[in-house]
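Novice: If you use UniProt numbering, the sequence shown corresponds to residues 1 to 659, in order. Just dropping this structure here.
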Amino acid sequence: MPRPTDSRTSYVPAIDGLRTIAVAAVILYHLDPAWLPGGLLGVAVFFTLSGYLITSNLMRSYHRGRGLGLPTFWLRRFRRLVPAVVLLVAVSVVLTLMFDHANIAKASGEGLSSLFYVNNWHMIIAGQSYFDRFAGLGVFDHMWSLSVEEQFYLFWPLILWVFLFLARGRRFVTAGATTVLALLSFAWMAYLASGHPDDPTRIYEGTDTRAGGLLLGAALAILLAKAQGSRRVPRVLAEVGGWVGLVVVLAMMWLVPDYTLFLYQGGLLLLSIATIGVILGAVNQRSTLSRALGIGPLRWIGERSYGIYLWHLPIIVFLPEWTNVPAWARGLLAAVLAVVLAALSWSMVEDPIRRRGVVAPLRQWWASAVEAYRSPSEHVRLPRTALAAGSVAATGLVLVGIPAAWNGSLNHSAASAPNNSTPPVMEQKIDGEQEAQQPVDGVNEQEAMRCDTVIHVGDSTSIGMFSDEYLNDPQRNAAVVYRAYGASTVIAVNQGARATIEALEGDPTIEDSVVEQAATEHEGQTCWVIGSGVNDAANRAVGHSTGEAERIDTIMKHIKSDDLVLWPTAVTNRTSGPYANENMAPFNEALREAPSRYPNLVVYDWASDVRPEWFLEGDDVHYNAEGNGQRSECFARALAAAFPREGDIPESHEVRVMD
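What follows is the structure in structure tokens.
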């Protein structure tokens, strides 16, 4: 919380310490959810804290006999919040235009919605999931929370005025009404979650469902409005409530994953109550918690937490995925850059505008411009704030743009794996009329497959198998290897960010690609490789209602009964989050049961054959160059084992190819 410009307003250093904990949790979560599975709960801490602080300001004005002072309140909110957002959006859109121009339309729409503080509803209406992360983090993915807060700042003062009017200023009645409103919001959230939605983004980002945390903080502020200093909270309550609350907050950040429905069925309510406990401990400045959270470094970061929150995600998005740099080092660099940009933004843009406003400097500049026009000898000087904003923008472009430019040269490294920023559809067809590379040695008639045409339909994990730039040897391209094992024609339809029935808006799902290929006549015996399952399993882990068996049936019903299907099991190298390997088990179990319904289906136990060192370090879902080559060879051998040219389909309808 920045030191107030009004000297009559009390400043509590420990509040800034709590802000530091919250913003650090969010950054860790965005760097890698495995580092802090519940790090997104830092946003909920911000909500409750913001509700408390904003309502404290309103009630302070009310008890001074000046009403709520709404025009002044809204003007101060504008000065405090808008300049930094304008700066961030401008820099982020320019960076997107320079280094990710394919997504400039999307980024521009999200940036515009951020400027008008409706980003959360923009994302909800557009159907963009906060949790699937098919396409990786977006540069404005964090702006939804600021939109929720700004909408609260706009409407809550009006509601508070009504409550105070009806309650004739009685704070206990007003606080009670506010608490009821908060509980209604939490109840609405729980009701929406009870339907087990395919994706909880609507619940997570909705203003109506997230207002509860803000309102509980507001209720506390109303109760404490007249008390002053340490007398506001008894020492015992501050000590016990503060430390217990902090332990609960940290425990939930550490233990509660982002995809559990518990969050929406009481979890966020519990977190808000725990945050209230921390606030009680913080505002009594004689408490041990208040002294601990109020130490210099925590206070310094907390004062700049708004800017750190704004800048951290664009930095993470544009910072290269260096393959030879440990993930923790990249994370540390991202955090340092965020702090540097936030500090510059705070000292050069946010704080000056917060103290002096925008209009006065512009009037001064306009007056000097008019005087210079009348007297040519005079020089026109831009307002210092404008110069500072330009300096910060230029610094941001340099600090983030140089690594992003470097990233452009790294994206095509053979050691890299294709991520979800690859072109939407990668479709290839290699047949006997095209010039083919020499097949791999050592494949004889007994090892060949009976497939004349192989159709490989996959997600982002399959792209590297068919792209020489993600392989350490072009001979290991899956199209080449499939032909070496007997196929005459290979058709590959791979795309990032999709599952059997889900994809980014406007993009084809696995089912869509299967339907398209099934409607086309293919020569000879047709074999399918369905490279889908990892995203399906992860989507189920976050609460999608469509079951594993139904997903498999959705694909199989479109494939002719005389076509042959190889479906590899799903596997990752992650230990936490929706993509944790343990979450793959239900899908694989359903896959093993499917051949009883589809005799033309054989399961390839890729999960047992894969090696940990084949995964891309720090990603652990996609594969490195060696892993892509191994997948090509293993999948080809699995096709030959499942559908041998000389022999029958295995009775078990399951194959392995590695010892």
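Glycine included, C-beta positions come from ideal geometry on N, C-alpha and C. Predicted model only: the values in this text are computed from it and were never measured.
Applying the 10 Å Cβ sphere with the 16-neighbour rule, what's the burial state of residue 362?
Specialist: For residue 362, the predicted model reports a pLDDT of 49, less than 50, meaning its position is unreliable; a value from the coordinates is still stated below. Per the 10 Å Cβ criterion, exposed.
Novice: Apart from the five residues just before and just after residue 167, which ones in its own chain have a Cβ nearer than 6 Å to its Cβ?
Specialist: The residues are 173, 174.
Novice: Quick check for students: name the residue ranges of the beta strand (DSSP E) that lie wholly in the region 267-348, counting only runs of 3 or more.
Specialist: Segments of the beta strand (DSSP E) lying fully in the region 267-348: there are none.
Novice: Out of 76, 547, 619, 562, which one is the CA nearest neighbour of residue 589?
Specialist: When each option's Cα is compared against that of residue 589, the closest is 547.
Novice: Please indicate yes or no: does the CB of residue 145 lie closer than 6 Å to some heavy atom of the ligand COA?
Specialist: Summarising the ligand content, the structure contains no ligands, and the ligand COA is consequently not present.
Novice: Which residues mark the beginning and the end of the beta strand (DSSP E) in which residue 546 is found?
Specialist: Unbroken run through residue 546: none, as it is neither H nor E.
Novice: Between which residues of its own chain and residue 653 is the CB-CB distance below 6 Å, once the five residues before and five after are set aside?
Specialist: These residues qualify, in order along the chain: 595, 602.
Novice: Quick check on the burial criterion: 16 or more other C-beta atoms within 10 angstroms. Buried or exposed for residue 67?
Specialist: Classification for residue 67: exposed.
Novice: If I follow the unbroken beta strand (DSSP E) through residue 600, where does it start and stop?
Specialist: It is not in any beta strand (DSSP E) - residue 600 carries neither H nor E in the DSSP assignment.
Novice: Please work out which residues of its chain come closer than 6 Å, Cβ to Cβ, to residue 194, disregarding the five sequence neighbours upstream and downstream, and give them in chain order.
Specialist: Answer for residue 194: no residue qualifies.
Novice: With a threshold of 7 Å on Cβ separation, who are the neighbours of residue 707 within its own chain once the five nearest residues in sequence on each side are excluded?
Specialist: The requested residue 707 does not occur in the structure, where the chain is confined to residues 1 to 659.
Novice: Looking at residue 341 and residue 311, is the spacing between their C-beta atoms short of 7 Å?
Specialist: Yes, Cβ-Cβ distance for residue 311 and residue 341 is below 7 Å.
Novice: I'd like the list of long-range same chain contacts for residue 458, defined as Cβ closer than 7 Å, with 5 residues on each side in sequence excluded.
Specialist: The residues are 494, 531, 532.
Novice: What do you reckon, are the CB atoms on residue 238 and residue 56 nearer than 7 Å?
Specialist: No.
Novice: In terms of residue numbering, what span does the beta strand (DSSP E) encompassing residue 527 cover?
Specialist: Residues 526-531.
Novice: What three-state label does DSSP hand residue 477 in the structure shown?
Specialist: Looking at residue 477 - three-state DSSP - the assignment turns out to be coil, as it is neither helix nor strand.
Novice: Applying the criterion that 16 or more other CB atoms from any shown protein chain within 10 Å of the CB defines a buried residue, is residue 328 buried or exposed?
Specialist: Flag for residue 328 reads exposed.
Novice: Ends of the beta strand (DSSP E) at residue 566?
Specialist: Start and end: 564-568.
Novice: For residue 541 and residue 583, which I take to be in contact (beta-carbon distance under 8 Å), what is that distance rounded to the nearest angstrom?
Specialist: Indeed they touch by this definition, with Cβ atoms about 4 Å apart.
Novice: In chain order, what residues of the same chain have a beta carbon less than 7 Å from the beta carbon of residue 641, not counting five sequence neighbours either side?
Specialist: 655, 657.
Novice: Are there 16 or more other CB atoms within 10 angstroms of the CB of residue 467, so buried, or fewer, so exposed?
Specialist: It counts as buried.
Novice: Among 22, 643, 290, 27, which has the Cα closest to the Cα of residue 333?
Specialist: Measuring from the Cα of residue 333, the nearest candidate turns out to be 27.
Novice: Taking 7 Å as the cut-off, decide whether the C-beta atoms of residue 645 and residue 450 are in contact.
Specialist: In this structure, residue 450 lies closer than 7 Å to residue 645 by Cβ.
Novice: Three or more beta-carbon pairs under 8 Å between the region 562-577 and the region 149-157, yes or no?
Specialist: These segments do not touch.
Novice: Going by C-alpha distance, which of 235, 274, 240, 264 is nearest residue 250?
Specialist: Residue 274 is the option with its Cα nearest to residue 250.
Novice: Going by alpha carbons, who is nearest to residue 291 out of 13, 519, 614?
Specialist: Measuring from the Cα of residue 291, the nearest candidate turns out to be 13.
Novice: Pair every Cβ in the region 463-477 with every Cβ in the region 618-632, then say whether three or more of these pairs are closer than 8 Å.
Specialist: Yes, the region 463-477 touches the region 618-632.
Novice: Candidates 82, 111, 83: which alpha carbon is nearest residue 95's?
Specialist: Out of 82, 111, 83, 111 has the C-alpha closest to the C-alpha of residue 95.
Novice: Report all residues from its chain with a CB closer than 7 Å to the CB of residue 36; omit the five preceding and five following residues, and keep chain order.
Specialist: If we look at residue 36 and ignore the five residues flanking it on each side, its Cβ neighbours are 25, 28, 29, 253, 254.
Novice: Using the beta-carbon count (16 or more within 10 Å), is residue 611 buried or exposed?
Specialist: Exposed: under 16 other Cβ atoms inside 10 Å.
Novice: Within 10 Å of its beta-carbon, does residue 32 have 16 or more other beta-carbons around it, so buried, or fewer, so exposed?
Specialist: Label assigned to residue 32: buried.
Novice: Is the separation between the beta-carbon of residue 217 and that of residue 185 shorter than 7 Å?
Specialist: Not in contact: residue 217 and residue 185 (Cβ atoms no closer than 7 Å).
Novice: Is there a C-beta anywhere in chain B that falls below 7 Å from the one on residue 294?
Specialist: No chain B appears in this structure, which consists of one protein chain only.
Novice: With DSSP run on the structure shown, which of helix, strand or coil describes residue 645?
Specialist: Looking at residue 645 - three-state DSSP - the assignment turns out to be coil, as it is neither helix nor strand.
Novice: Go ahead and pull the three-state DSSP assignment for residue 253.
Specialist: Residue 253: helix per DSSP, three-state reduction.
Novice: Would you list the one or two residues that DSSP bridges to residue 574?
Specialist: Residue 574 is bridged to 580.
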